[in-house]
Amino acid sequence: MEFDLDTFNRDTPSNLDYLINASKNSGFDMCSDLNTGCLLRLLASSKPNGNILEIGTGTGLSALWLLEGMCPNSKLLSIDNDRGPQGIAKDNISDSRVTFLEIDGMEFLREPRDEKFDIIFADAWPGKYELIEEAFNLLADGGIYIVDDFLPQDDWPPEHYPDAEMSFRKLSNISNTHSVGLNWSTGLLIMTKKASTS
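With the UniProt record's numbering, letter number 47 in the sequence shown gets 47, and the count goes up by one each step, no holes.
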């Protein structure tokens, strides 16, 4: 006997289909998939009053999932340097808990800041391939760091494989974490920052 565990992945945000169609109509094809979205929602719900950072808004699909899991007092900061896709997110997601910031991720991560985040979803070049340590340092003790797209995709150009390998190596070398890699969805790495003993 087998159980269809995808049964648990079918409850979707109310305006998800509309946002998916808006993304397709704009030509944007780098959206998070259903399984990743369900996981983001679950993780967001595990951090009441959480402070969440999304690096790479895209058209807002992953933000939509995060918001559905967040409690009323949680906050989401979603950054992107591409005004077009992020504009779709701004036009279609009206929620006081989210702030969409148009800024280059590299610039954001290089800026000194005291703010810490309970969840960081690294869904753009910064935080996933570059400035990984800088991004991870923004994580609060016990915080969750999520990276997607580690399974090879059909549309990966040959030159992308060395970048993915380099990222994999950098993430593997981060200390003071607990982590799990999932050969599921687009290939996910989830890391938690161990609490300080001092």
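Where is the CB? At the ideal position from N, CA and C, for every residue including glycine.
Fair warning: this is a prediction, and the values are worked out from it, not measured in the lab.
### Task
Starting from Lys-194, follow the alpha helix (DSSP H) in both directions and report where the run begins and ends.
For Lys-194, there is no enclosing alpha helix (DSSP H), as DSSP gives it neither H nor E.
### Task
Identify whether Asp-6 lies in helix, strand or coil by the three-state DSSP scheme.
Taken through DSSP and simplified to helix, strand or coil, Asp-6 comes out as helix.
### Query
Using a threshold of 7 Å, is the CB atom of Pro-13 nearer than that to any non-hydrogen atom of the ligand FMN?
The model depicted lacks the ligand FMN and carries no ligand whatsoever.
### Message
Quick check on Thr-57: buried or exposed, where buried means 16 or more other Cβ atoms within 10 Å of its Cβ?
### Response
Result: buried.
### Task
Please report the residue range of the beta strand (DSSP E) in which Ser-23 lies.
DSSP places Ser-23 in no beta strand (DSSP E) but in the uninterrupted alpha helix (DSSP H) bounded by 16-26.
### Task
Please name the residue, chosen from Thr-59, Leu-109 and Ser-78, that lies closest to Gly-87 on a Cα-to-Cα basis.
Measuring from the Cα of Gly-87, the nearest candidate turns out to be Thr-59.
### Message
Given this structure, state the Cα-to-Cα distance separating Ile-119 from Leu-64, to the nearest angstrom.
### Response
Taking the Cα positions, Ile-119 is about 15 Å away from Leu-64.
### Query
Which runs of the beta strand (DSSP E) spanning at least 3 residues fall entirely within the stretch 40-75, listed in chain order?
If you keep only unbroken beta strand (DSSP E) runs of at least 3 residues inside the stretch 40-75, you get 51-55.
### Query
For Ser-179, which three-state DSSP category applies?
DSSP places Ser-179 within a strand segment (E or B) once states are collapsed to three.
### Message
Just list the residues that DSSP pairs Thr-99 with in beta bridges.
### Response
Looking at the DSSP assignment, Thr-99 forms a beta bridge with Leu-77.
### Task
Would you kindly check if the distance between the Cβ of Gly-105 and the Cβ of Gly-127 is under 8 Å?
Cβ atoms of Gly-127 and Gly-105: closer than 8 Å.
#### Entry: Alpha carbon of Ile-55 to alpha carbon of Ala-135, nearest angstrom
Roughly 9 Å between the two C-alpha positions.
### Message
To the nearest angstrom, how far is the alpha carbon of residue 199 from that of Asn-183?
### Response
Coverage of the chain is limited to positions 1 through 198, which leaves residue 199 absent and any answer about it impossible.
### Query
So is Met-166 buried or exposed if we call it buried at 16+ other beta carbons inside 10 Å?
Burial state of Met-166 is exposed, judged by a 10 Å Cβ sphere holding fewer than 16 other Cβ atoms.
### Query
beta strand (DSSP E) containing Gly-87: first to last residue?
Where Gly-87 is concerned, there is no enclosing beta strand (DSSP E), although the alpha helix (DSSP H) it sits in stretches over 83-92.
### Query
In terms of residue numbering, what span does the alpha helix (DSSP H) encompassing Phe-168 cover?
Phe-168 -> alpha helix (DSSP H) spans 160-172.
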